[in-house]
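Presented below is the structure to which this report refers.
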Amino acid sequence: MKTLTGKDLAAAIRAQTEAEAAAGPQPRLAVVVATADEASLWYVRSIAKAAAGVGIACDLVDLGPEARREQIGETLARLSGDSHVHGVMLQTPLPAGASPQELAGAIDPRKDVDGANPLSLGRLAAGLPAFPPATAAAVMALLDHYEVELRGRRAVVVGRSTVVGKPLAHLLLDRHATVTVCHSRTRDLPSVTSEAEVLVAAVGRAGLIGADHVAPGAVVIDVGTNPTGDGGLTGDVDSEAVAGLAGALTPVPGGVGPVTTALLLRHTARAANLP
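Pasting the structure below:
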């Protein structure tokens, strides 16, 4: 089984981003946070560190876990209207009563570097220019990097979120794959996923995908990042169970994750250079 790591691809994207960032005005990313979730705060800090490494300024706008929905929306609108800010991102989770889908509508689509605004998803579905969610874009970048043929192949996406599953289905369709999207109400999940030549797991349930879900030789992309008791991460795929079946598998951590962060920063650099 081939291991599809994201390390080299992420490094190449970062190098390209650094060159793009140096060619124009310094890009600036604003990340709005309204949570005390430590894993979420660790992630945004890692984004800020990675941004500094490629010459992108990153502002963490921490509104606190008690922030009101109106306050979050007003902050997103203000940052969208700030000419010195080129990319705006809303980090989840959010306080009770605050819908990320509704609030993301306050982000200017030209600054929506993580593809959260429903307008961005609509443009993506229509084949119009838009920033796709970075995680969905990272899956496609990994498939391209490892020269996985998509035209005419059966692709199954497990998960229908607006962050990964739905936008990824559109991206795969644009590449002429035959796409099936599965979810929590899919009957007999293994009977569907075991027909996939390319299988993407993006549910957030540790070890959901086992040997009975995977066809021999399938390319399996594991988007899951589930915390373990010892402070580590594990994916949605039981890697040991599928090792003898899958033709290729992304590791967790070290697969989709680093590519996602690298693409988020590249989107920011490109937003800074939009006419």
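Under our numbering, residues 324 to 598 are what the sequence shown spells out, in order. Where a beta carbon is used, it is the ideal one built from N, C-alpha and C, also for glycine. Just so we're clear, the structure is a prediction, and the values are computed from it rather than from any experiment.
query	result
Suppose the cutoff is 6 Å on Cβ atoms and the five residues either side in sequence are ignored; what does the same chain contact list for P350 look like?	A344, I379, H409, T591, A592, A595
How big is the Cα-Cα spacing for T458 and V579?	7 Å
Apart from the five residues on each side of it in sequence, which residues of its chain come closer than 7 Å, Cβ to Cβ, to A359?	P388
Among residues of its own chain, excluding the 5 on either side of V582, which ones have a beta-carbon nearer than 8 Å to its beta-carbon?	G329, L332, A333, I336, A461, A464, L465
Beta-carbon separation of G488 and V479 under 7 Å?	no
Count the other C-beta atoms from every protein chain shown that fall within 10 angstroms of the C-beta of E520, then say buried if there are 16 or more, exposed otherwise.	buried
Figure out for me which residue from L494, D545, H499 has the closest Cα to the Cα of A475.	The sequence given here has Gly at residue 475, not Ala. When each option's Cα is compared against that of G475, the closest is H499.
Using a 10 Å radius around the Cβ and a threshold of 16 neighbouring Cβ atoms, would you call G540 buried or exposed?	exposed
Once the 5 residues before and after D497 are set aside, which same chain residues still bring their CB inside 8 Å of it?	G450
Applying the 10 Å Cβ sphere with the 16-neighbour rule, what's the burial state of A375?	exposed
Compute the Euclidean distance between the alpha carbons of N549 and T573, then round it to the nearest angstrom.	15 Å
Does S406 pass the burial test, meaning 16 or more other C-beta atoms within 10 Å, or should it be called exposed?	exposed
Anyone know if the C-beta pair for A564 and G527 falls short of 7 Å?	no
Can you give me the Cβ contacts of R589 inside the same chain, cut-off strictly under 6 Å, excluding the 5 residues immediately before and after it?	I336, T340
Would you kindly work out how many angstroms separate the C-alpha atoms of V546 and D559, rounded to a whole number?	7 Å
Spell out the partners DSSP gives K372 in its beta bridges.	Its beta-bridge partners do not exist; DSSP assigns none.
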